[in-house]
Each structure stands twice: as structure tokens, then as C-alpha cells.
Amino acid sequence: MNNKQEEIDQFLSSTSTSPSPSSSSSPSNNDSTSLKSMISGIENLNVHSKGNDNKNNNNNNNNNNSNNNEKQKDIVSLENNSSSNNTTTTTTTTTTSNHNSNNNSNNNNNNINNNNINNNNYEPLVNGHNNGFGDKLNDQPSPSSHRVSDFSDEYSPSKVRILVADDDDVQRKILNNLLKKFHYNVTLVPNGEIAWEYINKGQQKYDLVLTDVMMPHITGFDLLQRINDHPVHRHIPVILMSGTAVDYKYANDTIKIGGQDFLTKPIAKELLKKKIDTVLQSIWQRRKEEEYKATLAQEREKGNKLAKEMELKEHEIEELTKKVSKMSSISKEAMESPLVSVTRNIEELLKQSSWSHYESEIKEKLSSILKELGSSNIYRPSFEKLIKNDSVDPVTKSFLVSEFSSTTSRRNSIPTFPQTTYNRDTKEVIKGWEFDVFKYSEDDLMPLLVDMFENFQLPEIFKIPIEKLQRFIMTVNALYRKNNRYHNFTHAFDVTQTVYTFLTSFNAAQYLTHLDIFALLISCMCHDLNHPGFNNTFQVNAQTELSLEYNDISVLENHHAMLTFKILRNSECNILEGLNEDQYKELRRSVVQLILATDMQNHFEHTNKFQHHLNNLPFDRNKKEDRQMILNFLIKCGDISNIARPWHLNFEWSLRVSDEFFQQSHYETICGYPVTPFMDKTKTTRARIAADFIDFVASPLFQSMAKFLKESQFLLKVISKNRENWQAYMELQKEGKCNDDDLQFMEDPTILVKSKLPKIDEEENRDKVSSSSSSSTAPLTSTSSSNNETSSS
């Protein structure tokens, strides 16, 4: 014990030379005076332990001479100095009211394995119950700063959180029972090391630390010093406890190093509550005063800032008023002066009485002119004459009407569906494989979607109001992100137009019903709805809200499907209101499966299933499963169809998708997520991305397409020539004649490859499409026997 006391004295001497703790952690004068007066009478204080709930309350006699069976619990710190490892072992033992002598300490060390606490498996108690931290303490995220306890208007023990550190099981239970009776919230830990972990890394916030002095690993003084030295936790008050023979010295030492108070064991219940309340009420009052002062200062600062802003605004308004008045005067003088002059002259002429009979017609004309000049819209007739002029093209008319025909702000007006500005030939062009979506604006493309629905008589068959179909298309367009290079409304239309070509020019409609086509067109339009420009892998690695919502499974596809039916649930966009219950259920099931089929993670599963069925069994149009497999196959082909488009279209789409890939890898690098290899600009090129996609993904899919739809066989030749062009680019890049970034600035993408490869024979492709378009069949009107739907083949 003498050795341990020497260590404590040495520790205290070192702290006396260090800077004193801040005022926020030092005891107040009142606290210090109260503590010193307590120390002066500590030897005469006779306290009785009331910690054991199962003992009688008949312990009012002198503890030293008591003959009853009640045992008091105390802590004796035993030290065993070893020359081999120089470690100190501390054990907890049960004693009577008299302390054991140092001669018995060596015997107690033999029981260390029975009494010592395994810190790794220890799970602290909060109000006597397991709080669930245990081993998981180190796994808890460290807060950026220690959260100060929230004080209400009135101090209440039920809102106080106390951390108790004591290596004696019995003493912890006694303290837990005592503190619970006063409704404190208590967390119990077996030593100072765990206590510091809870203070420094735990998510709980504590208003007071009650710690024993003599504990293994970290003593109570060590814990107090750590708390006082920490810039965040130094506000937490600490009360130390001890039941050894040097209590008097410990009490003095507590004051020296910044402790708030000291308790001797056994602890009296009322004294414990009084000391805790005295410390916390003092701190509470001081914090409330500080908070009030800080709030008052902030309010004053805000008031002064607001006054300055109001003064500046008033000055600005005054200056603007002067400018507006001046400009209004100039404008009125410039615009109205000629009209005022003409009107005044005509009025003077009309007042003259010397009008002869034959001049009465002139007088009537002048009266008519005067009446027109008084009109509020004297320029309207000329504007209407311009609009009715046949020499003005439809686009210009549309611009003039939308911009100049209404005085109402466009911002406050309800959006209207774009008017058709194309000729009848365009309706046939959208059935062709060479359709160039980049030649049209989004306003031009939206009416074409209505034509696709009307071509299959879907509005008539399923009672779709055209206004709601238009509103649905406008809402879908609005939900696509305009800043995406690839996953935008243009891509959605391109996929829809491709599938529309499959249905019409390639005769795929013969395998489907009208309800199937209805579901297919909706799915094509919405299959990438609200796409963020970052794929599922990024969503999962970043643990975005979408990945959490859909449990990392087809995250974006589930999101697209959800938004689709959220739009359709809107009464203004509900194009499904004409369906009966069975039709709605089947269409919803089909749409969800179609959109989920576009998840590239499941690409090979869908492809292999289709190829196996195609090679072994004919498709049965009367089976829903067969029709759904065809639908999934068509939308997948449409989704990646750009590789089979004419070279200039394939080139443009490849640049766009590689831009999104490179953008994702850039963000992955910044955020520290795993970088997707085929998107890493430092490891691949645009040409390599396109070539690999053709080799491993697209080519096998379109080989099945050529076998399934004979009219599409010419696409294999287009894909082959596109692949040769990308190969030529890769060879030029290896030779240093072409930089990957140069590709995006080329007006003619065939410039670099002309010397190595002939340009694609697009005339041959055009002939193929023309021949297949002429053989396309119109939808049939027979009904399906299985679900009473209208057939579309």
C-alpha cells in the first residue's frame, strides 16, 4: 500500500506543475468550501451502508461493534509488486466493517481468477439492465464532438445520466440501487479504462462521473485527469470515492486536480444524493446563464444585421423607384407621343362644323380611325394577319403564338402538349431502323409516342383519353434528368422507337396481344425513369437511400418501376383507368417484369433462357409465360440497340454512355469507393468499351434476334461493320494517331478509319429496312381465349 501511495503522490506532484484546468471544470468556491468543511469532520462522521436490498434496516448501532449478521461491503486494493513483469493486480473482496490487513492481501490474490472481471465480455448495466453495448463499444461511430446534456427549465434527477466506475461487483450493485431510488439514469462499468471508452467514443452523453479511486489499469485520478485535459469532455463533473485508510488525503487530492467532490465508503444514501444534486444544480444554473447570454448576444447581432439590411433595401427601393419613373416617362414619350398627336388632330377636325354633305364619309372614316386608336390592343390585327400568313412555317408560328400571343407569364401557365409540326411521312419514318432521334427535339418526339399508341388502336381498345395519354407522356419526360448524357428522355424514346420497329417492320407483334403491346410501350418509355447517371454498383457501394430501400437488389430498376406506377396512379395521367381488374393485374405484372429485365446483372440469365426456348420449343402465343419471355427479350434488345444502328448513331451513343461511365469512375475515386474497371478512364478507352460490349453482350443477343425475327438478320452485318470501325480506332490509338478525347469532337466519325476500312454500306441497310417495312402487318382483332384480350398480331 505504501508503494501505491508513493505512486499517487508522484502523480499529484506532476499535476501540480501542469496548467490548471479551465474554470468550467474547476470546482466553485462554494464547492471547495463545502468539501473542506466535510473533510474536517470526516473522522467523526458515522455512516451506515444501506446498499444491500435484502438486508434489514436494523443497522443503527455502531458499525465497529455490531454483532448482527448484516455484512457491509467495501473495497480493498491489494498490490503485488513483481520484479519479473512489474505489474499490479487488483482484486475485489468482501470484508466486514473492519478493513483487512495488508498481511491478508497475498491470500486474496489467489482468488483473482474467481473475482476479477473479464473486460472484453463485460456488458455494463443501465439502471440494472443490460444496455447492449458490451463488446460493441469500439464498433460505435465516434461522434464529432461530445454532446452536452440537454437541460430543461427545471432540474430533474430523471434527466440526469451518471457513469459509475468501480471494480467491485458488490459496490456497483449498491450504488445502482441507491441511485435508482432517486430516479437517476445509471451506466455501470468495471474499471476506468472502459469508463474512458464510454466517455470518449460512446454515443451516450453523461452529466456526471462517479468513480472509485483505486482501480486496475486506470485509477480514478487518471480518469479525472483525462477528462480535465480533454477539450470536449472537460465540462463533465467528477466525484471520486474510496474506502481505504487514506480517504482524508484522497479528499484533498481530489480538490487539487480539479474534482468536484469526494465520498467515503460505505456511502450514506442521503449524503450521496445531496452531493450529486449540489454539483449538478450548480453546473446547470451556470450553463443556463451562459446559454441565455449567448442567445441574447445572437439576437442582438441578428437585430443589428437585420436593421442594416432593411436600411440597404429601403435605399435600393428608393433608387429603383426613381429609375422606373424615369424610364416610364421616356418610354411613354417615345411610344405614345405620335398617337397622342394624331388623335388630337383628328378630334380637332371632327369639331369643325363646316363639313359639307359629300365630306360626311370622310368624317365617318376619321371617327372609325379615332375609335381604333383608342383600343387597348391596336396592334393585335396586324399580329393575327401575320399568324394567318401561309408563308410562315409551322415552327415559327408556334414560336410566335407561344411567346407573344398572351400577356400571362409562361411561368404561371399550365404546360400544354406540344403541337405536331411534322408531316405524315414522319409516321412511317419512325418504323424504320435508320430513324435519327438526334434530329428531333423533345417536343417533336412526344407527339410521335401518341402516334405509336394510336397505330395499335390502344386508345380505342382500352378507352384511353388522349388528354391523359399526353399528360402521362409529359410527366414521364419531366422526370428524366436533363443533365444525363445517356440515361435521359432521348434514350427512352430511342428504345421505344426501336421496339416499335420490332413490332411493325420486323413483325414481332404477331406473337403478342394488344395488352402486351400496351405494357411494352409503357415499359420502354419508363425503363430508366429518374436515372441518376450512376449504376447499381455505385448505389450499393455508396449505400444510397435507394439501395437501402430496395435492399441492394436491382436498385434502379425497382425505382423506375415504382415511379412508373406512381405516375399512373395520378388521376390526370391514369391511362389504365379503362382496364378491368384482371387486365390491370396482368399489365402491372408484365410492366414490373419488363423494367426489371433491363438490369444488366440478369442479362445472361434472360439471354440463355430465350436461346434455350428458341432452340428447343416453338413459342406459344396462348401462354403468358412465352409472351412475357418475348417481351423481356424485345425490351432488352431495344435497350442496347444502339450498337446495331448505322455507324453515325452508334458512334454518338457510344460517346454518350462512355461519358457517364467516366463520370462515375471519377466520383468513385473521389469518394473512395471501388472503381469499376471498365469505367476507369485510366485503364480503358471509348473504343475498347464499345468493342467489348459488342463482343460479350450485344452480339449474342442479336444473333438470337436474327434467328427469332428473320427481318432483322441484316443487323448482324451492321454490328460487324461497327465492330470493325471500333477495332480500327483502337489500332490508330495504339499507333498514336488518335487520342481518345479526340473522338467526341469529330463531325464525321469515319474520318480516321477511311484509310483502314470502307464506310458502312448504309444503302444496303436502307433497302433491308424498306423491304421489311412493306411486309409489316396490321394488328389483328381476334381475342385471346385465355384472358379475353384483344390480339395485336
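If you count the sequence shown from 1, position 784 lands on 2009 in the working numbering, and the numbers rise without skipping. Quick reminder that beta carbons are idealized off the backbone N, C-alpha and C, glycines included. As the structure is a computational prediction, the values presented were derived from the model and not from experiment.
Enclosing alpha helix (DSSP H) for residue i [first to last residue]
i            : result
residue 1741 : 1739-1751
residue 1761 : 1761-1767
residue 1930 : 1924-1933
residue 1464 : Segment 1463-1467 is the beta strand (DSSP E) holding residue 1464; no alpha helix (DSSP H) there.
residue 1486 : First-last for residue 1486: 1486-1489, but that is the beta strand (DSSP E), not the alpha helix (DSSP H).
residue 1703 : 1691-1704
residue 1787 : 1780-1793
residue 1675 : 1667-1680
residue 1721 : 1714-1729
residue 1961 : No alpha helix (DSSP H) holds residue 1961; DSSP gives it neither H nor E.
residue 1684 : 1683-1686
residue 1187 : Look at the range of the chain in this structure, 1226 to 2018, and you will see that residue 1187 is not part of it.
residue 1452 : 1445-1454
residue 1894 : 1872-1896
residue 1773 : 1770-1774
residue 1216 : Look at the range of the chain in this structure, 1226 to 2018, and you will see that residue 1216 is not part of it.
residue 1423 : 1417-1425
CA-to-CA distance, residue j to residue i, given in whole angstroms
i            : j            : result
residue 1932 : residue 1952 : 26 Å
residue 1700 : residue 1670 : 14 Å
residue 1468 : residue 1419 : 21 Å
residue 1955 : residue 1871 : 19 Å
residue 1444 : residue 1479 : 12 Å
residue 1758 : residue 1935 : 35 Å
residue 1915 : residue 1938 : 21 Å
residue 1514 : residue 1391 : 34 Å
residue 1766 : residue 1890 : 12 Å
residue 1431 : residue 1411 : 9 Å
residue 1818 : residue 1809 : 14 Å
residue 1811 : residue 1821 : 16 Å
residue 1532 : residue 1509 : 34 Å
residue 1692 : residue 1703 : 16 Å
residue 1885 : residue 1806 : 41 Å
residue 1864 : residue 1536 : 59 Å
residue 1725 : residue 1656 : 7 Å
residue 1751 : residue 1901 : 26 Å
residue 1519 : residue 1897 : 40 Å
residue 1928 : residue 1942 : 11 Å
residue 1754 : residue 1742 : 19 Å
residue 1388 : residue 1413 : 6 Å
residue 1381 : residue 1501 : 12 Å
residue 1424 : residue 1458 : 8 Å
residue 1683 : residue 1708 : 33 Å
residue 1845 : residue 1857 : 15 Å
residue 1446 : residue 1427 : 21 Å
residue 1705 : residue 1873 : 24 Å
residue 1697 : residue 1688 : 15 Å
residue 1483 : residue 1393 : 25 Å
residue 1496 : residue 1764 : 58 Å
residue 1892 : residue 1904 : 11 Å
residue 1465 : residue 1516 : 28 Å
residue 1957 : residue 1880 : 17 Å
Residue i: first and last residue of the uninterrupted beta strand (DSSP E) it sits in
i            : result
residue 2027 : Residue 2027 is absent from the model: the chain starts at 1226 and stops at 2018.
residue 1660 : First-last for residue 1660: undefined, no H or E at that position.
Nearest-angstrom beta carbon gap, residue j and residue i [assumed within contact, 8 Å]
i            : j            : result
residue 1436 : residue 1463 : 7 Å
residue 1945 : residue 1911 : That belief does not hold up - the Cβ atoms of residue 1945 and residue 1911 are roughly 19 Å apart, past 8 Å.
residue 1781 : residue 1799 : Contact flag wrong, Cβ pair sits at about 24 Å.
residue 1824 : residue 1779 : 5 Å
residue 1737 : residue 1852 : 6 Å
residue 1816 : residue 1747 : 6 Å
Bridge partner(s) assigned by DSSP for residue i
i            : result
residue 1410 : 1386
residue 1436 : 1390, 1465
**Message:** Restricting to runs no shorter than 4 residues, where is the alpha helix (DSSP H) found entirely within the stretch 1828-1868?
**Reply:** 1828-1841, 1849-1864
**Request:** With a floor of 4 residues, list each alpha helix (DSSP H) that falls wholly inside the stretch 1514-1558, ordered by position along the chain.
**Result:** none
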